[in-house]
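The numbering used here runs 3 ahead of the 1-based position in the sequence shown.
This report concerns only the one structure given below.
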Amino acid sequence: MGLALFTKLPNVLTLGSLYLIRYYLKSEEEALNFNLTEQQEMFQREVRKFAEAETTPLVDIMDRENTFPQEIRPKLAAMNLYGIPWEQKYGGAGSDYVSLTIALVELAKVIAPLSMHVQCQHTVGDRFNKLGTEEQKQRFMVPICEGKMVGCFCFTEPDTGSHPKMIKTTAVEDGDSYVLNGTKRFVTNGRFADVAFIFAKLEGDISLFLVDTNTKGFSRGPKMDKLGLRGTELCDLIMDDVRIPRENLMGGKGGKFDALKDAMTLGKLCLSAHCIGLMQAALDEAIKYSMTRMHFDEPIFDLQAIHWLLAEMASRLEASRWLTYRAAFLKDQGLDTIKDMAITKLFVTQTAVDVCRFGMQVHGAYGISKEYKIERIFRDAKMYELLEGTSEIQRELIVKRLPR
Ligand SMILES: Cc1cc2nc3c(=O)[nH]c(=O)nc-3n(C[C@H](O)[C@H](O)[C@H](O)COP(=O)(O)OP(=O)(O)OC[C@H]3O[C@@H](n4cnc5c(N)ncnc54)[C@H](O)[C@@H]3O)c2cc1C
4 MGLALFTKLP
14 NVLTLGSLYL
24 IRYYLKSEEE
34 ALNFNLTEQQ
44 EMFQREVRKF
54 AEAETTPLVD
64 IMDRENTFPQ
74 EIRPKLAAMN
84 LYGIPWEQKY
94 GGAGSDYVSL
104 TIALVELAKV
114 IAPLSMHVQC
124 QHTVGDRFNK
134 LGTEEQKQRF
144 MVPICEGKMV
154 GCFCFTEPDT
164 GSHPKMIKTT
174 AVEDGDSYVL
184 NGTKRFVTNG
194 RFADVAFIFA
204 KLEGDISLFL
214 VDTNTKGFSR
224 GPKMDKLGLR
234 GTELCDLIMD
244 DVRIPRENLM
254 GGKGGKFDAL
264 KDAMTLGKLC
274 LSAHCIGLMQ
284 AALDEAIKYS
294 MTRMHFDEPI
304 FDLQAIHWLL
314 AEMASRLEAS
324 RWLTYRAAFL
334 KDQGLDTIKD
344 MAITKLFVTQ
354 TAVDVCRFGM
364 QVHGAYGISK
374 EYKIERIFRD
384 AKMYELLEGT
394 SEIQRELIVK
404 RLPR
């Protein structure tokens, strides 16, 4: 993606040099080329086709029955959607974060909780990629990318989702093992994950542990019945004297608050991508509905009040889309910061709730009926303000990083 201007312009302005402006903006075409590459466009078409054909039939089972359809896993793997940015030697597609964003947008446009499942696999793969030994990368990333293994990422606990220092899960060193005790809450993929990344306190500091969910003392709570993103099978994970080998301490003792922040930075990008998919679906549904719903002899699409809603939806979606792709581009350049990602996540997730609400308004009372897609889209959109740090926490992250 040719988003060079995004990264270069601030430097240019800092230097305040006309010469440098000329240098960087050699030609308008080069500097303002925000298009996807040909390869990314082809990938987008393929994932869109896949999502429409293979995942549309899953909407009912996921949303109405709140169940994850396991049969989709080999199909997602065959499309190489479980390890988009990872190296091919670890089973990945060897692609980039812009492509991951494209995939999550396309999946979420049809069914957001499936996009959530794919994101979670990437969060887990990302930890192995960054903290795992060569042996762990081969042993875990390859089956994750093949869809043969599911992972989950566990920070939240009954007493906190916002404050890492408040976590109560403990790990105690015992000979060649660590023994873990505690409860993790709201775990995506939790009901069927094979491996779990668990944040726990070891000697008073936050460490990260890899736990095989078949280990003695490890159990899962019931599936949570919830408003939106149904089918992600959220649950509690309970550890009662779970003994794991020494090598499952990931990246050494302590200091893993940074690993958590890093993982959540990727999470913020992914959630923003889901919201783009949801907003696009809301806009598509609102246009379709307004063109068929009649007011006297005219479709409501012709009413100025509906124009205003549709125009607001389209404008806010477009702004969100650019923020999100910019964030993906920055991540591909290794230039992403917590502030960039928090700004993106805050704006896009709040905007998604507004855009989906406008979409529902266009549907009148039919918008609350389960006969119409907008009802599910609206419920799903609300969830994103509460994940990977609530909106309030994003504001704190941003303000702490403002220049003063
Ligand atoms: C669909 C879904 C999937 C999830 N998946 C996972 C998962 O896979 N793994 C995982 O670990 N967690 C997961 N979570 C949990 C999620 O990350 C937490 O719920 C979230 O971080 C909020 O935590 P909390 O609910 O405990 O809220 P709390 O931390 O109790 O906050 C309650 C309220 O107080 C506000 N607040 C708290 N502290 C401050 C502050 N300092 N300043 C201003 N306001 C503040 C919050 O914004 C919020 O409004 C998931 C949640 C959902 C909804």
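All residues carry an ideal CB built from backbone N, CA and C; glycine is no exception.
- Listed in chain order, the alpha helix (DSSP H) runs fully inside the region 270–353 are 307–335, counting runs of at least 4 residues.
- Of the residues 323, 280, 185, 123, the one whose Cα lies closest to the Cα of residue 115 is 280.
- Per DSSP, the beta-bridge partners of residue 221 are 242.
- According to the DSSP assignment, residue 403 belongs to the alpha helix (DSSP H) that extends over 394–403.
- Each of 77, 64, 382 was checked against the Cα of residue 230, and the nearest Cα belongs to 382.
- Residue 242 has its CB no nearer than 7 Å to any heavy atom of ligand 1.
- Counting only runs of at least 4 residues, the region 93–122 fully encloses no alpha helix (DSSP H) element at all.
- With respect to residue 271, residue 344 sits close: the two C-beta atoms are nearer than 8 Å.
- Under DSSP, residue 176 takes part in a beta bridge, and its partners are 181.
- Residue 244 and residue 252 have their C-alpha atoms spaced approximately 16 Å apart.
- Here residue 210 is bridged, per DSSP, to 203.
- As DSSP reads the structure, residue 156 sits in a beta bridge with 200.
- Residues of the same chain with a CB within less than 8 Å of the CB of residue 47, apart from the 5 flanking positions on each side, are 39, 105, 109 in chain order.
- Its Cα nearest to that of residue 403, the residue 346 stands out among 355, 346, 361.
- Residue 288 sits away from residue 178, with the two beta carbons spaced by 8 Å or more.
- Taking 7 Å as the cut-off, the C-beta of residue 340 does not count as close to any heavy atom of ligand 1.
- Taking non-hydrogen atoms of ligand 1 into account, the C-beta of residue 164 is found less than 7 Å away from one of them.
- For residue 190, DSSP records a beta bridge to 238.
- When C-alpha distances from residue 189 are compared across 53, 211, 228, the shortest belongs to 228.
- Separation of residue 165 and residue 296 (C-alpha to C-alpha, rounded to the nearest whole angstrom) is 44 Å.
- If you draw a straight line from the Cα of residue 389 to the Cα of residue 175, it comes to about 31 Å.
- Considering only 136, 125, 126, 224, the residue with the shortest C-alpha distance to residue 161 is 224.
- Counting other Cβ atoms within 10 Å of its Cβ, residue 207 stays below 16 and is therefore classed as exposed.
- In the DSSP annotation of this structure, residue 73 is not part of any alpha helix (DSSP H), being labelled neither H nor E.
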